[in-house]
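Residue numbers (the numbering used here): 1 to 33.
Structure first, then comments.
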Amino acid sequence: MDAVGAGILSFVSNQMMKITVFCIQLFDGFTGF
């Protein structure tokens with residue numbers, strides 16, 4: 001894999017992690033009522 005591909009893969013996985021954490025927090029907020 002080239003450096004550009006690795007950079008894109010790193011960026012995508014980073015964004016996926018943020019979205020996942022956000023969704024979990026949102027879900028916790030809904031179930032917390």
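We put the beta carbon where it would ideally sit given N, CA and C, even for glycine.
Asp28: member of the alpha helix (DSSP H) spanning Ala3 to Thr31, first to last residue. Rounded to whole angstroms, the gap between the alpha carbons of Leu9 and Thr31 is 33 Å. One alpha carbon belongs to Gly29, the other to Met17, and they sit about 18 Å apart.
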